[in-house]
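If you read the protein sequences in the order shown, they are chains A and B. Under the numbering used here, the first sequence is numbered contiguously, ending at residue 463. Under the numbering used here, the second sequence is numbered contiguously, ending at residue 928. Just so it is clear, CB atoms sit at the ideal spot from N, CA and C, and this is done for glycine as well.
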Amino acid sequence: MLDGTTTEIKPREALRINPAKTCQPIGAMYAALGINGCMPHSHGSQGCCAYHRSHLTRHFKEPVVATSSSFTEGASVFGGLANMTQALSNIFTIYNPKVVAVHTTCLSEVIGDDIPMMIKKATEEGIIPEGKVVIHANTPSFVGSHVTGFANMVTGMVKYLSESSGKTEPQLKADAQLNLIPGFIDPADMRELKRIVHEMGVKTVMFPDTSGVLDLPQDGRYRMFPSGGATVAAIKSAGDSVGTIALGHFASHPAATELDEKCNVPCALLELPYGLTNTDRLIHAIRNHGGVEVPSSLGEERGRLLDAISDMHQYFHGKRVAIAGDPDHVIALTQFLVELDMKPAYVITGSPGNHFENRVKELLVDHAPNAVVLQNSDLFALHQWIKNEPVDLIIGNTYSKYISRVENIPFVRFGFPVLDRMGHRYFPSVGYMGALRLMEKINDALLDHQDRECPEENFELVQ
Amino acid sequence: MIELLPGRARQVVQTDGGRPAEMACDKASVAGSVSQRACVFCGSRVVLYPIADALHIVHGPIGCAAYTWDIRGALSSGPQLHRNSFSTDLQELDVIFGGEKKKLEAALLELIAHHSPKAAFVYSTCIVGLIGDDVSAVCRRVSERTGIPVMGVHSEGFKGTKKDGYRAACDALYKLVGTGDTSGISPFSINILGEFNLAGETWVLRDYYKRLGIEVVACITGDSRIEDIRRAHGAKLNLVQCSGSMTSLAKMMERDYGIPFKRVSYFGIEDMSAALYDAAKHFTGAPEILRRAQELVREEVARIYPELLRYKEKLKGKKAAIYVGGLFKAFSLMRALRLIGMETAVVGSQTGDKEDYKQLQEMADPGTIIVDDSNPLELAKFCLEKDVDLFIGGVKERPIAYKLGIGFCDHNHERKEPLAGYVGMLNFAREVYASVASPVWQFAPRRANRTAAPLEPVGLRPAAV
């Protein structure tokens, strides 16, 4: 189906072919699921909500709940107030969540619905029961990408929920609580981050937290609101933390900045902890904020990763890699690939944002100065680049599999969404252990390909 | 009964063997319900998507294109153009200043020049309906310049339900019907409407009709080509499978071309055979067609029956829940389940109408729970209450079934084997058996107390010899 991809690369302003992004609301919905007892609510037509739920379900293989304002023609002419009021009333009456997290859609943005006013009105009319919370984020689908939507909803959590209780500096220091804003990563990754801070003995508030929401064990029951997720109390207390570690410029930085402005909590911005250096930075930041020593257990994990890289480094050297995905993921992964002595050749994201190109070029300035680095790009463009000069490996979400098949290039699935494999649901990619797994996948893909394709005389038993 | 959303009470009934209750259905979902339903755009997109030699471009922000990129499993024996994702990816400035001239027209011209499709479909999304892009004018201009039909599909998400999307798709299709040359079409010819070639089902059906001596002019839209659709008005009979999606097209063809239509289902032995006989009987001038149909049915049933009986033996008394898009499919599923010894305990749909629900209540065993436009809480509750062994549904229902420890069969876009025809019946039985009888459920909490293996070590070193 992609055989028709041409090698001639022309500027293409008018047209998106095979996107490497999707729209804001799905990111907001995913973020909202990381609040304990939260019902994500889509203020728009019914289809948006159905599509987001289906798409998230395909990635996580978990039930995903969300409600919709079920816009009709009337709502799109007269505004969505009546729909929102009825929706909030129904949601609290029947499903009884602790929180409703409203996000907008292109439809409600264009008609100019004022969500804070609607929430205020519902509060005044007693539609929102005592002790229940409604938060919101504006997530117009025609701006940014799903990553922007995620960031906006996490920022909304801070805006609506986080508070500084007025504790004195010594009290805050004594509590020594740390905020961790994990970014748009899988529940398994969030679980791993919690394990790391737990190992280090630092009291941490992580939000959003979809572990325990979208990675549930089978226990014979269906719960609309599983036990996981960051509680409202925890997100509230984020205003009393000694510091915030925000992972990812695109997904997490806006919320951390908001928290700093609102509650004066200083922030360390890091990249996602993929690979050695980025995990080292995370551990270092936790140590600094928490005033703790790094336990030997983590030192040993690091040592095992280092040893594994040493064992296999000859197979990684100089391999040309194409990477496609979300900006925070791709930036951090680029760093890891450089550590593995691989050569990122094409590094693209579908999301817009200059920081992406600047940062990736900075990371590659010595190692792969000729790499093509593009924001706001798509998989058709990536395929064209690959057709012009091939690569040894593609790393990207499931949609990259078309290119991998047509060009017979080894492929590692990574990022969002992964619709056709299972590992991402259980095994983390973050931290030293996550790096080991990523490395294993890269190594397996390269060597499996070599074993399958090489001439018989070069077919090796020991590698 | 569980607590239902206000206004939903009449959308759930339990049959009691008496007169069917009138169900409230065919209405918009209540705002704030966790509905499994989608929108107008979704309806149009699923119907038109399988047309493989057409260009499909989504005019709107990226999401609508992203979520419908190659998810349908509608196979093509030739071009694969429909499996790419083309969209205008509207941005903020386009929303303010309109996107039709610059983006849509340029995108269409570029793509048509490159791919030489036989036609193009332009899907309007919510936002296009609001910013007032004149999609029809763009389509007209591009059609004039390129010489291929370019159809605007009025699929703005908020302008109704999925059913309205089906109608919009039929309207777009109907612009093609009647524009092709019908010479050489057999007097014994049909169109198949509402069959989408999921997992290659159209190919199974085409083979059957060929054996009967009936020409299939167009399958709309499974593995279809624009040329076929353009000459579809030359067929003598329309067989409508997914009636929710295609009845309006069949009615227009009946009105303007006098082509009668029959509602069929290709699922299960009884319905498949009835579909073949219905077509055969229509061609009264050719009794040999009926004779061939009888032969085919005999032959095909004989081929699968022994194996079906083996599955029936193993599945006898097991219970199923069905939640599908349209109810007509549910009827077939219930009959097919009966054939392999299973009962249907819960059944519902997203878009069934009053008549369908009435027929369903007459057909269902007493005590069956019937739901319209349901949600996960209701579905889970009913499945547990009825202690079902199998759930038949789509992507959103699968993980719910598994969390409850219930087997699952996808009878929607994600089916992997053809479920239509006789071979499809066997595949269905096999798939149902594979899931219902999977060893994993012995560990599922609700079964574990009945089936748990003893936990003693399998071997002990003798204390003394």
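Counting the other CB atoms within 10 Å of its CB gives HIS198/A a total below 16, which places it among the exposed residues. For the region 618 to 648 of chain B, the beta-carbon criterion of a distance under 7 Å to any beta-carbon of chain A is satisfied by GLY620, PHE621, LYS622. For TYR629/B, the CB contacts under 8 Å within the same chain, skipping 5 residues up- and downstream, are GLY506, SER507, VAL510, GLY707, SER708, MET709, SER711 in chain order. Under DSSP, ASN179/A forms a beta bridge with VAL205/A, THR244/A. Distance from GLN46/A to SER652/B at the Cβ level is roughly 39 Å; contact not present, criterion being Cβ atoms closer than 8 Å.
In the DSSP assignment, ASN890/B falls within the alpha helix (DSSP H) that extends over 884 to 899.
Only residues of its own chain outside the window of five on either side were considered, and among them SER42, GLN46, CYS49 have a CB closer than 6 Å to the CB of SER68/A, listed in chain order. Residue-level contact by beta carbon holds for ASP219/A and chain B, with a gap shorter than 8 Å. Of the other Cβ atoms in all chains shown, fewer than 16 fall within 10 Å of the Cβ of LYS167/A; this residue is therefore exposed. The C-alpha of GLU8/A lies about 11 Å from the C-alpha of HIS383/A. For ASN36/A, the three-state secondary structure derived from DSSP is coil. In the structure shown, ASN654/B adopts extended strand secondary structure according to DSSP, grouped into three states. Shown here, CYS682/B sits in a strand according to DSSP, grouped into three states.
Assignment of LEU333/A by DSSP, reduced to helix, strand and coil, places it in the helix class. Under the three-state reduction of DSSP output, LYS10/A falls in the coil class, being neither helix nor strand. Within the region 43 to 64 of chain A, contact with chain B at the beta-carbon level (separation under 9 Å) is assigned to GLY44, SER45, GLN46, GLY47, CYS48, CYS49, ALA50, TYR51, HIS52, ARG53, SER54, HIS55, THR57, ARG58, PHE60, LYS61, GLU62, PRO63, VAL64. For a Cβ distance threshold of 7 Å, nothing in chain B lies close to ASN152/A: the least Cβ distance comes to about 15 Å. For the pair ALA631/B and SER618/B, the CB atoms are nearer than the 8 Å cut-off. Taken through DSSP and simplified to helix, strand or coil, THR814/B comes out as coil. In this chain, the alpha helix (DSSP H) harbouring THR279/A covers 275 to 290.
Put simply, the CB of ALA14/A is near chain B, with a gap under 8 Å to one of its CB atoms.
For the pair VAL338/A and HIS367/A, the CB atoms are nearer than the 8 Å cut-off. Contact between GLU894/B and ALA662/B fails: their C-beta atoms lie close to 11 Å from each other, not under 8 Å. By the beta-carbon neighbour count (other beta carbons within 10 angstroms, threshold 16), THR123/A is exposed. By the 16-neighbour rule on beta-carbons within 10 angstroms, ALA332/A is buried.
For ASP835/B, there is no enclosing alpha helix (DSSP H); the enclosing beta strand (DSSP E) covers residues 832 to 835. Across the structure, SER496/B and VAL613/B are spaced so that their CA atoms are roughly 37 Å apart. As computed with DSSP, LEU518/B is found in a beta bridge with ALA583/B.
Contact between HIS424/A and ALA188/A is confirmed by a C-beta separation of about 7 Å, below the 8 Å threshold.
For HIS103/A, no alpha helix (DSSP H) run applies; the uninterrupted beta strand (DSSP E) run containing it begins and ends at 99 to 104, by DSSP. At a cut-off of 8 Å between C-beta atoms, PHE504/B counts as an interface residue with respect to chain A. Contacts between GLN474/B and chain A, judged by CB atoms closer than 8 Å, are missing: the closest CB pair is about 14 Å apart. Excluding the 5 residues flanking it on each side, PRO524/B has same chain C-beta neighbours closer than 6 Å at LEU553, in chain order. Check the Cα spacing between PHE71/A and each of GLY79/A, MET433/A, VAL64/A: the tightest is with GLY79/A.
LEU553/B has no beta-bridge partner at all, per DSSP.
For PHE854/B, the uninterrupted beta strand (DSSP E) run begins and ends at 853 to 856, by DSSP.
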